[in-house]
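Engineer:
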Amino acid sequence: MTMKTGAPRQPFHLGMLFNDTRYRARTIQILAFILLLLAAAWLVDNTIRNLAALGKDFSFGFLWSTAGYDISPHAIDYSSTSTHARAAVVGLLNTLIVAAMACLTASILGVLAGVLRLSDNWIVARLMTVYVESFRNIPALLWIIVVAAVMSQAMPTPNAFRGEHPTAAIMLWDSIAVTNRGIYLPTPAFSQSLGPAPDVLGAFDLNYVAILTIVALSLIGHRGLVKARRAGPRQNRSAPGHVVEEPGRLCVADDNPPLRTRLPLRLSGLEGLELHRRSAVAQCLHRALDRAEPLYRRLHCGNRSFRHSCHFEGPV
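Per our numbering, residue 86 is the first one in the sequence shown, and the count goes up by one each step.
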């Protein structure tokens, strides 16, 4: 009886790292990773040598030195005498504010554009189709650059809104100013400030911490009130929904309210970002509604046939 045996395996040698397909991909990846590490080490060593030649150390101690420049707007207290670390926090908060407002604006306008795209009006539907397809296929960065270039050339400067005879007017009951440096909106001005935050809270302001706390308690109280209404028609008046009611009444009834609004809160970069995002939202909504329509028709026809087979009476 004879048995078939496979070909004997060749002993491993260095040439197989490139000639054998089993080792070639991993060998190339390892070599590329080693070259990347060597390039990074060379850059770090070159930077350290150049800084040493200038008499400077390679450290992050500059974050605690004076910045020497202004940032507008700033959600927290900031001046030119603040540190670079606080300036970084201000820039991060400004980015988050612009991103949040862009998401909100894009969601609202995107839903509106998606619904109008399904309108029976031929002109409205075609206009929304052109709008969605044109904005959706263009990168958001390109729209930001185009909008920034147009606003810097077409919009007035901030000095045009000053003086006894300004050449530019503020829109919407003197609350919004559109300039070549951005859009200025009202920002909270606390006439009865709670003071700076302790070191535990870091760079946050106690006024904004109080507002966020009230909003959180309002959501918790609303949830508790909804649960109480579902449980029975009458519940105790000391439900969680009444926790934040009195502070709101006190703030409204006070002749000197602790919260006012003032200009400016600049939102530059929001326009181009929300133009692209709201078109994407409209496209997603249009696809969802198109897919839901045949499903609704099938369910509707199935419901009618089921009623007819069971001899149900009444409207479908």
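Think of the CB as a built atom: it goes at the ideal place given N, C-alpha and C, for glycine as much as any other residue.
Less than 8 angstroms between the CB atoms is what I'm expecting for N131 and P158, so what's the real figure, rounded?
Structural biologist: The pair is not a contact, with the Cβ atoms about 38 angstroms apart (cut-off 8 angstroms).
Engineer: If contact is defined by three or more beta carbon pairs under 8 angstroms, each pair taking one atom from either stretch, is the stretch 225 to 241 in contact with the stretch 202 to 217?
Structural biologist: Contact between the stretch 202 to 217 and the stretch 225 to 241 is not established, with fewer than three Cβ pairs separated by less than 8 angstroms.
Engineer: Excluding the 5 residues flanking S165 on each side, which residues of the same chain have their C-beta closer than 7 angstroms to its C-beta?
Structural biologist: A152, G153, Y154 and D155
Engineer: Out of Q95, V311 and G267, state which residue places its alpha-carbon closest to the alpha-carbon of T242.
Structural biologist: G267
Engineer: Cα separation between R315 and L302?
Structural biologist: Within the model, the alpha-carbon separation for R315 versus L302 is close to 20 angstroms.
Engineer: Is P343 helix, strand or coil by DSSP?
Structural biologist: Bear in mind that a pLDDT of 49 at P343, under 50, signals an unreliable position, so the number given afterwards is only what the model happens to contain. Coil, per DSSP.
Engineer: State the DSSP-derived secondary structure class of Q320, mapped to helix, strand or coil.
Structural biologist: Confidence in Q320 is poor, its pLDDT being 47 and thus under 50, which makes the residue's placement too unreliable to answer from.
Engineer: R109 and F118 - do their beta-carbons sit closer together than 8 angstroms?
Structural biologist: Their beta carbons are not under 8 angstroms apart, which means F118 does not touch R109 by this criterion.
Engineer: For Y293, tell me which candidate among A160, N135 and W258 has the shortest Cα-Cα distance.
Structural biologist: A160
Engineer: CB V263 to CB M240, shorter than 8 angstroms?
Structural biologist: yes
Engineer: For M256, write down the residues that DSSP places opposite it in a beta bridge.
Structural biologist: In the DSSP output, where bridge partners are listed per residue, M256 has I261.
Engineer: Would you kindly work out how many angstroms separate the C-alpha atoms of L270 and A185, rounded to a whole number?
Structural biologist: 15 angstroms
Engineer: Using only alpha-carbon positions, find the residue among A173, A254 and A313 that is nearest to F145.
Structural biologist: A173
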